[in-house]
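K.L.:
Take the sequence shown: its position 33, counted from the start at 1, is 526 in this note's numbering, and no numbers get skipped.
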Amino acid sequence: MRTILRFRWVIAITLIAVTAVMFIWSPDLSNLAEEEDSFQLPEDMTSQQAKEVLDEAGEGAETISLVLDMEEPLSGESEQNITSFLKDIRSADEHIEDVTSPFEREEIRDQLISEDQDVVLVPISVNGGEEEAVQAGEKIEALSTPEGMDRYVTGDAIISNDVDETTQEGLERTEGITVALIFALLLFVFRAVVTPFVPLISVAVTYLLSQSIIAFLADTFGFPLSTYTQIFLVAVLFGIGTDYCILLLSRYKEELSAGQDVSDAVVTTYKTAGKTLFYSGLAVFVGFAAIGFADFAIFQSAVGVAVGIVVLLLVLYTLIPFFMATLKEKLFWPAKKGAAHHDNKLWGAMGRISVFRPIVSIIVVAVVTLPFILTYDNDVSYNNTDEISAGAESVEGLRVIENAFGMGDALPLEIVIDSEDDIVTKEKLAASEALADTLERSDVVEEVRGITRPTGSVLEDMYVDTQLEEVSSGITEAQDGLADVRNGLGDVRDGLQEMNSQVQGTRGPGGSLNEAAANIENINNQVSGISQQLQQTGNTQTAVQQLAGVQQGLTEVQNGLQQGSQQLSNQQEAQANELAAGLDELTNGVQDAINGLEDIESGLEEAETYTAEASEASYIRGTGVYVPDDLLENEDFQEGVDQYAFGGETGMTMEVSLKKDPYSLEAIDAVEQVKEIVDQETAGTPLEDDTFTYSGVPGTNADLQDISSEDFTNTIIIILIGLFVILAILLRSIFQPVFILGGLLLTYFTAMGVAEMVFVNALGYPGMMWPVPFFAFVMLVALGVDYSIFLFDRYREESKLGVREGLMKAMVKMGTVIITAAIILSGTFGAMIPSGVLTLMQVGTVVVTGLMLFGLVILPLFIPAIVSLNESDSAAVEKEK
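1. In chain order, what residues of the same chain have a beta carbon less than 6 Å from the beta carbon of Ala-924, not counting five sequence neighbours either side?
2. Please work out which residues of its chain come closer than 7 Å, Cβ to Cβ, to Ile-733, disregarding the five sequence neighbours upstream and downstream, and give them in chain order.
3. Buried or exposed for Thr-507, please, with buried defined as at least 16 other CB atoms from any protein chain shown within 10 angstroms of its CB.
4. Go ahead and pull the three-state DSSP assignment for Ser-571.
5. Per DSSP, Pro-616 is paired with what?
6. Under three-state DSSP, which class holds Ile-1359?
7. Could you pull out every residue in the same chain whose Cβ sits closer than 8 Å to the Cβ of Met-1301, ignoring the five residues on either side in sequence?
8. Would you tell me roughly how many angstroms separate the C-alpha atoms of Ser-1157 and Thr-667, rounded to the nearest one?
9. Distance cutoff 8 Å, beta carbons only. Does Ala-903 sit that close to anything in chain B?
10. Taking 8 Å as the cut-off, decide whether the C-beta atoms of Ile-652 and Asn-877 are in contact.
11. Just to confirm before moving on: does the CB-CB distance between Leu-698 and Thr-819 stay below 8 Å?
12. Tell me the residue span of the beta strand (DSSP E) that contains Asp-591.
13. Between which two residues does the alpha helix (DSSP H) harbouring Met-1334 extend?
14. Quick one: measure Cβ to Cβ for Leu-1344 and Ala-1315, integer angstroms, because I've assumed they're closer than 8 Å.
15. Any idea if Phe-1232 is buried or exposed, counting beta-carbon neighbours within 10 angstroms, 16 or more meaning buried?
16. Pick helix, strand or coil for Met-1398, following the three-state DSSP scheme.
17. Would you kindly work out how many angstroms separate the C-alpha atoms of Ile-1326 and Ala-885, rounded to a whole number?
18. State yes or no: is the C-beta of Gly-1192 within less than 8 Å of the C-beta of Glu-907?
19. Less than 8 Å separating the beta-carbons of Asp-1204 and Asp-788?
20. Report yes or no: do three or more beta-carbon pairs, one from the region 1356-1364 and one from the region 1282-1302, lie closer than 8 Å?
21. Relative to the alpha-carbon of Ile-563, which residue among Leu-1220, Asp-548, Glu-608 has its alpha-carbon at the smallest distance?
22. Per DSSP, Leu-906 is paired with what?
23. May I ask which residues mark the beginning and end of the alpha helix (DSSP H) holding Arg-845?
24. Quick one: what's Asp-1286 bridged to in DSSP?
25. Considering only their Cβ atoms, is the gap separating Gln-661 from Ser-523 smaller than 8 Å?
26. Let me confirm a value: Ser-568 is counted as buried when at least 16 other C-beta atoms fall within 10 Å, else exposed. Which label applies?
27. Would you tell me roughly how many angstroms separate the C-alpha atoms of Thr-722 and Val-696, rounded to the nearest one?
28. Looking at the unbroken beta strand (DSSP E) that takes in Glu-940, where does it start and where does it end?
29. Quick one: residues in its chain with C-beta nearer than 8 Å to the C-beta of Val-853, no 5 flanking neighbours on either side, listed in chain order?
30. Distance, Cα to Cα, Leu-1197 vs Leu-922?
31. Only counting the same chain, and skipping five residues up and downstream in sequence, which positions put a Cβ closer than 6 Å to that of Ala-626?
32. Tell me whether the beta-carbon of Gly-663 lies closer than 8 Å to the beta-carbon of Val-646.
33. In the DSSP assignment, the beta strand (DSSP E) including Met-642 goes from what residue to what residue?
34. Let me know the secondary structure DSSP gives Thr-699 once reduced to three states.
35. Does Ile-791 pass the burial test, meaning 16 or more other C-beta atoms within 10 Å, or should it be called exposed?
36. Pop quiz: Phe-1139 and Leu-547 are said to be a contact at Cβ under 8 Å. What is the actual Cβ separation, rounded to whole angstroms?
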């Protein structure tokens, strides 16, 4: 330290020069944070796999939604205005790939126009990522909206961009509030004009240098970054940086008050408080460095604070000694050099309870904390629309969609099925339809859309029972047709018999007419037999074969009648001519019968073909679905293929509208049920070997819950182990670190209980935002351990006085420093509350509550009481030995 004091001017000038140069030449950290996709989930998460599959197939376009909320129900005029508006949108931006008009087809109209005809939803496909989607949205917003309607542009990309913008605005407010608050608190603590500038200058240098280093690391090496990085960097560095300065300056003032000269006071300060500072900084560094083991990029982004801690320690060990040695007594102007460092009376009073009446102290702590812990439900929300003000256009548009269509339709779960082979086959279509049917019959699904049901309605023609009904109806019609043929042939027979009686005794075909009538009677009997057989057995194949013989017989009869007619015409007699005309009419009747039988035969052949093919289609078993060739060739069916198949028809998507709000925890549970149904229903089917992934808001939130829970658990373990090791080395004790960490955990759950009571029970939010438990734990535990080190490192200095006396001396000496530090750090995190970003507001509330609880209750009342009980018991045991 004396070497640092000797070269303090060179060190200070070099440090400031390096900071200035790096700040000028480094990339802009805010811009890098905006460009970084920190919300990117790990590649092994199913939603990311779905995105990758669609991207590789060229189907990864972003979708935004235009919402038109009309004052009056849709009319012909407003429909024309909207159609014209959509034309303008198509040419508004080069990245707009497709605009789905709600007026294209009736089924699309039903999907995109509300039941009350006053809200129109227009899906817009944007070629590109989030940046292109936001740009397209801005271009659409710049267009003139038709009169009589409000326009909203919304979508995941738009909402995420609004969150980022709100966060950046919140950061600017936080910085200003933080600096002003710290300056005011330092003025109050030191009651000096010069002193507050020393921490502010030191922390400002730290912040500027830290953000420059982080920017270089992010730009060059892909260091994790997000909009949270700067906010937490500001809060932590200004908070604990000021705390550490207070620790150093208070000890320096104490040493000056004891009569030491400036150099000796500086050296003593760094031998005592400096060591405490180093271990405290190391503990905070471990806490934030542990975040690097998280899998989620947005959690990893807070690891930048660890870089800031390293820079902070460098500045505190170089720049603060410069100010101490250069300003000397003027550092505390207008206070005198020998101004006493006063003991803290509040901590002295609490120490007398916790040290000498530990059981009473523990009861008091239980009364304060248990009500909040016992009522804490750990409610978590994944609704990122709550992050920003409800007045934001993107959120308002989403609310209009929710009221008009329901959120399930607007933000469905998307199942992405990827195959190595053609997926648009009869077997796989049947399996996918059976899956869709099972999903829709579950109690968590409202509707399923896909190739086999593009509008969500079931294509009944795909089901065997419907098809069999049609076959049965066709057979009935065939029977009716056979009855008509019998009646017609009966009329022909009667006509022949009558004509035969008229020509008897004359020269003509009387005998052949009689024979023709007999043949027709025989044929009629055959037709009757075929009809009865169809009715009894439904054997279409036999009926077709028999009908062929009947038609042949009718053809022979027809030829005979034609010959008879010719013979009569040749007789050149008036009666013969009349009989020949009648015979021609009867011949035509036979022809009609033949034509009728041909139609019947054709229909029965189709039925026979269907039953033959259906009997060979093994996939019918278990699905009840049969896909005939004509269905595959149907134009409407092909539209469904075009909409839901991708990758050259080697993949397909299914949209599952859930009954619950897609952002809710119930929707996440529903996703798990859907996954289970898919696994069960596809086992042993043609889809078994295909890859199923899940996307959309519900699918992404399900992944988000998994990764955030896993990261939270893993990070807690790593942080607690790391802090335990540091505390054990510093305090040379196994039990004291356990008590300290136990007190911090007690503080964390109490603070979370308080915050949940405020935001969930009082303000009506569905839960604490999903990043809050993670960030709040890291901030509270990593920063709260500082105050424990402040106290117990001083306790080690005073341990020669004994357990209770040493604790009391440490508490009264460090009480003011710890309370002041807690207030300042609470102030920096409290500056997040007016940010307007719900996550920051909740994190700020938890940390502020926790720090004040720890500084005023847990640390002075709970931990000393446990230590006192343990040390006293240990001393008693040693005495007995």
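Glycine included, C-beta positions come from ideal geometry on N, C-alpha and C.
P.N.:
Straight from the coordinates:
1. Within the same chain, Cβ atoms closer than 6 Å to the Cβ of Ala-924 are found at Thr-1178, Pro-1179, Leu-1180, the five residues on either side in sequence being excluded.
2. Same-chain partners within the cutoff: Val-777, Leu-1276, Asp-1279, Leu-1318.
3. In the assembly as shown, Thr-507 is an exposed residue. Its beta-carbon has fewer than 16 other beta-carbons within 10 Å.
4. In the structure shown, Ser-571 sits in a helix (DSSP, three-state: H, G or I).
5. Within the DSSP bridge table, the entry for Pro-616 names Ser-558 as partners.
6. Ile-1359 carries a helical assignment under DSSP once its states are collapsed to helix, strand and coil.
7. Excluding positions up to five away in sequence, the list reads Gly-841, Gly-844, Arg-845, Val-848.
8. One Cα belongs to Ser-1157, the other to Thr-667, and the distance between them is close to 30 Å.
9. Protein chains in the displayed structure number just one, and chain B is not present.
10. For Ile-652 and Asn-877, yes; Cβs fall inside 8 Å.
11. Checking the sequence shown, residue 698 turns out to be Val, not Leu. Contact: no.
12. Counting along the chain, Asp-591 sits inside the beta strand (DSSP E) bounded by residues 589-592.
13. It spans 1331-1346 - the alpha helix (DSSP H) in which Met-1334 sits, taken as one unbroken run.
14. Their Cβ separation, rounded to whole angstroms, is 5 Å, which keeps Leu-1344 and Ala-1315 in contact under 8 Å.
15. Buried: at least 16 other Cβ atoms inside 10 Å.
16. Shown here, the chain extends from 494 to 1374; a query on residue 1398 therefore has no answer.
17. So the alpha carbons of these two residues sit roughly 19 Å apart.
18. In this structure, Glu-907 lies closer than 8 Å to Gly-1192 by Cβ.
19. Note that the C-beta distance between Asp-1204 and Asp-788 is below 8 Å.
20. Taking a cut-off of 8 Å on C-beta distances, the region 1356-1364 touches the region 1282-1302, as three or more cross pairs fall below it.
21. One point to set straight first is that residue 563 is Met, not Ile, in the sequence displayed. It is Glu-608.
22. According to DSSP, which records beta bridges pairwise, Leu-906 is partnered with Val-1149.
23. From DSSP, the alpha helix (DSSP H) with Arg-845 extends over 838-849.
24. Beta-bridge pairing links Asp-1286 to no other residue.
25. A contact, by the Cβ cut-off of 8 Å.
26. Exposed, by the Cβ-count rule.
27. Taking the straight line joining both Cα atoms gives about 17 Å.
28. 938-942 is the extent of the beta strand (DSSP E) around Glu-940.
29. Contacts found: Ile-846.
30. Looking at the two C-alpha atoms, the distance is approximately 31 Å.
31. Shown here for Ala-626: same chain residues with a beta carbon closer than 6 Å to its own, the five before and five after excluded, namely Glu-555, Ile-557, Val-619, Ala-650 in chain order.
32. It is not a contact, given that the beta carbons lie outside the stated cut-off.
33. Looking at the DSSP string, the run of the beta strand (DSSP E) that includes Met-642 is 642-647.
34. Secondary structure at Thr-699: helix, using DSSP grouped into helix, strand and coil.
35. Burial call: buried.
36. Between Leu-547 and Phe-1139 the Cβ distance is about 7 Å, and since that is below 8 Å, they are a contact.
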